[in-house]
Amino acid sequence: MFSFLFFLNACSYSESETEQANRLAKTYQLDIKTGDTRLFFPEQFAVSDGEPPILEMEMTTLADSSESLDGIEAALTTYPQGFVTEVIDAIYLSGPMLMEGAEAGGTYSSNSIILVNISDQNGTNFNFENSLKGVHHELSSLIYIRSPFVIFAWQALLPKEWEPVSSNYEALTQNKNIGPDYENGFLSRYGKTNAENDFNIYAEFTFVEPEKLRELAATYPIIAKKLSLFITAYTQVFPEYQQDFEEYFTRTGLSDVAVEPENVEMTIQLDLSGIKPQISQ
């Protein structure tokens, strides 16, 4: 009887949130933490004394972050071992985040990403989905800014009459009832707000919903061209991971539907100085 009870107790063991965070940190060589948000506040959002804050973050705890940790773990398993640590050193979880007063799901700094965990949303799938997609979303910005050719070529594929929104607040408060614009290559309304956000949404689809993206690329030529540029960014940013990503894009069928854009006109002017971290919706 004692042995049977011991077996039941052993089988019912549940990993704590701290243990899960530590395991992921060891496996992926990343810090995965919560705590005082001032310790991981993105440097690009700092303001002078007396100026209103651009970015506001509340604290959360690992104990409230089980679903977010599951989302992070699911996202990290997508990438080749060692790839993520080439880009970031840490993933931080904050509580509710406001950017220019609008609710946001995450952001990034030069060497980390920050994802929102809303304890009141546990049990709704929000935290899992926000972290699952958020890892891909925020990480992709750091791939994007390392890929000047892709930035240049991506701009060339945007509609001539298109203009980016003027602020993060405007991007985050877009009418959510307005759907995607597949004909013009935008996978979501949020992706239409600026080129980097567009690239971010392609990352979400590529690594979370590759089957849907494959279908869309097979139907809409402009999506197929953007997908080709996205594949270029990930296969060329770090040569040592090229084969791993090529295998992923082949395995998911995305390589089969990607279409390389025609020669990009060199007369297009692109100012890279204005590129700065954006936030996820």
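Residue numbering for the sequence shown follows numbering that gives the first Met the number 0, starting at 0 and increasing by one per position. Virtual Cβ for every residue (Gly too), placed ideally from N, Cα, C.
1. List, from N- to C-terminal side, the beta strand (DSSP E) runs of 3 residues or more that fit wholly inside the region 134-211.
2. Report the start-end ranges of each alpha helix (DSSP H) in the region 53-118 that is 4 residues or longer and not cut off at the edges.
3. Between PRO52 and the rest of its own chain, which residues show a CB-CB distance below 7 Å, the 5 nearest in sequence each way excluded?
4. Of all the options PHE148, GLU239 and LEU97, which has the alpha carbon lying nearest to the alpha carbon of PHE82?
5. From what residue to what residue does the beta strand (DSSP E) around ASP30 run?
6. What does the alpha-carbon distance come out to for the pair GLN80 and PHE244?
7. Alpha helix (DSSP H) containing PRO51: first to last residue?
8. Starting from THR26, trace the alpha helix (DSSP H) both ways and give me its first and last residue.
9. Apply the 10 Å Cβ neighbour rule to TYR201 and answer buried if 16 or more other Cβ atoms are within range, or exposed otherwise.
10. With distance defined between alpha-carbon atoms, name the residue in GLU57, ASN196 and THR36 nearest to ILE144.
11. Can you have a look at PHE148 and say buried or exposed, based on whether 16 or more other CB atoms are within 10 angstroms of its CB?
12. Output needed for PRO163: all residues of its chain with C-beta closer than 6 Å, excluding positions within five of it in sequence on either side, in chain order.
13. So the candidates are VAL207, GLU99 and ASN116; which of them puts its Cα closest to the Cα of SER165?
14. Tell me whether the beta-carbon of LEU226 lies closer than 8 Å to the beta-carbon of ALA257.
15. Between which two residues does the alpha helix (DSSP H) harbouring ASP35 extend?
Per the coordinate set shown:
1. With a minimum length of 3 residues, no continuous beta strand (DSSP E) run stays inside the region 134-211.
2. Counting only runs of 4 or more, we get 65-75 and 82-86.
3. These residues qualify, in order along the chain: VAL46.
4. Answer by Cα proximity: GLU239.
5. Judged by DSSP secondary structure, ASP30 falls within the beta strand (DSSP E) whose first and last residues are 30-32.
6. When only Cα atoms are considered, GLN80 and PHE244 end up about 11 Å apart.
7. It is not in any alpha helix (DSSP H) - PRO51 carries neither H nor E in the DSSP assignment.
8. In this chain, the alpha helix (DSSP H) harbouring THR26 covers 16-27.
9. Burial call: buried.
10. Ranked by how close their Cα comes to the Cα of ILE144, the residues GLU57, ASN196 and THR36 have ASN196 in first place.
11. Answer is exposed; the Cβ neighbour count stays below 16.
12. ASN193, listed in sequence order.
13. Closest by alpha carbon: GLU99.
14. Yes. Within cutoff.
15. Careful: ASP35 lies outside any alpha helix (DSSP H) and carries neither H nor E.
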